[in-house]
Amino acid sequence: MRLLLVEDDDHVAAALSAVLAKHGLAVVHARNGEDALKALLPDDGEPFAVVLLDLGLPDQDGFEVCGRIRKLCATPVIMVTARSDVRSRIHGLNLGADDYVVKPYDTGELLARIHAVSRRNAPGGGEQPAEESTADEALRLGAVTVELSTRQVAVDGAAVPLTRKEFDLLALLAQRPGVVFRREQIISEVWRTSWEGTGRTLEVHIASLRAKLRMPALIETVRGVGYRLVVPAAGPGARASAAPAS
1 MRLLLVEDDD HVAAALSAVL AKHGLAVVHA RNGEDALKAL LPDDGEPFAV VLLDLGLPDQ
61 DGFEVCGRIR KLCATPVIMV TARSDVRSRI HGLNLGADDY VVKPYDTGEL LARIHAVSRR
121 NAPGGGEQPA EESTADEALR LGAVTVELST RQVAVDGAAV PLTRKEFDLL ALLAQRPGVV
181 FRREQIISEV WRTSWEGTGR TLEVHIASLR AKLRMPALIE TVRGVGYRLV VPAAGPGARA
241 SAAPAS
């Protein structure tokens with residue numbers, strides 16, 4: 001597996017590259033954002049399976065680099081940074097990052113996350129979009145419409161842009177409104193990995209969905225268990241949901 005490590009600290013990069021090499025990963029090191037983007041340009045070599053992206057780069061912020069990577073290619077991006085606040089996590093995931101790891105981290109966990117995102121994004125790698133079983137169905141939940149075939153979401157008829165994982169998470173909950181999904185079950189079905197080490201990612205995605213949909217009560221936290229989608233009661237503000245989606 002070929003991996004692009006974007007890290008401005010040569011000592012950190014050398015130590016991590018050595019560890020990753022021992023686990024069969026071929027690491028290419030880029031010291032700044034521009035070098036990383038150049039390395040991702042199509043060539044005749046083996047494409048990168050994953051990008052490990054530090055946010056504190058000398059030439060531009062890692063968030064900006066992530067956004068530019070997403071315009072350039074679909075290579076999975078794992079942000080590896082000391083920024084542990086929820087806003088940074090949400091912002092990174094909204095920009096298209098596939099995962100977010102906070103320093104200091106356990107090397108075993110990082111390796112597990114690298115393999116998880118590479119499996120999910122490999123052709124035939126086993127990731128099944130949440131809507132496949134009902135691809136032509138439109139789910140109407142109060143003011144919220146979830147179009148499974150087009151992966152579009154609207155609230156009162158206004159489109160709400162979601163990331164891939166945000167949509168998969170919402171679609172999973174929306175197909176069985178009122179049913180409590182255990183955290184472990186959500187992680188397994190949406191992220192195709194185990195619960196351990198991924199719980200914070202789920203919490204960040206839930207917070208992001210609530211903010212984007214502007215309906216904090218739509219997804220209810222069932223303390224100690226998981227989450228469920230609560231369909232808002234019909235009322236004047238929900239009239240738009242009764243009409244078929246255009």
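Under UniProt numbering, residue 246 is the last one in the sequence shown; the count climbs by one each step, no gaps.
The beta-carbon is built from N, C-alpha and C at its ideal position, and this holds for glycine as well.
Note that the coordinates shown come from a computational prediction; the quantities given were computed from them, not determined experimentally.
For a test of the three-state rule: what should DSSP assign to residue i, helix, strand or coil?
i, result
"F181", "strand"
"E137", "coil"
"R2", "strand"
"K103", "coil"
"A159", "strand"
"V225", "coil"
"T145", "strand"
"V230", "coil"
"R164", "helix"
"R214", "coil"
"G125", "Because the pLDDT of G125 is 46, which lies under 50, any placement of that residue in the model is unreliable, and the number read from its coordinates should be weighed accordingly. DSSP places G125 in coil when its eight states are reduced to three."
"R192", "coil"
"R200", "helix"
Mind reading off the beta-carbon distance from residue i to residue j? Whole number of angstroms is fine, and I expect it under 8 Å.
i, j, result
"V50", "S118", "5 Å"
"E166", "L209", "6 Å"
"L57", "N32", "5 Å"
"V12", "A21", "Going by Cβ atoms, the distance from V12 to A21 rounds to 15 Å, so no, they are not a contact pair."
"H29", "E7", "7 Å"
"T145", "A154", "5 Å"
"V180", "V222", "5 Å"
"V86", "A207", "6 Å"
"L141", "P177", "6 Å"
"E220", "R214", "At roughly 16 Å, the Cβ-Cβ gap does not stay under 8 Å, so E220 and R214 are not in contact."
"T107", "V19", "6 Å"
Measuring only from the beta carbon, is residue i closer than 6 Å to any heavy atom that is part of the ligand GDP?
i, result
"L172", "The ligand GDP is absent from the structure shown, which contains no ligands of any kind."
Mind checking who residue i pairs with in its DSSP beta bridge?
i, result
"A154", "T145 and A159"
"E220", "R228"
*Taking 8 Å as the threshold, find out whether the segment 81-88 comes into contact with the segment 175-190 through three or more Cβ pairs.*
no
*For the UniProt domain "Response regulatory" (2-118), list the alpha helix (DSSP H) runs that are entirely contained and at least 4 residues long, ordered along the chain.*
10-22, 33-39, 62-72 and 86-94
*Do the segment 2-12 and the segment 87-99 touch if we need at least three Cβ pairs shorter than 8 Å?*
no
*Is the segment 65-80 touching the segment 95-103 in the sense that three or more CB pairs, one from each, lie closer than 8 Å?*
yes
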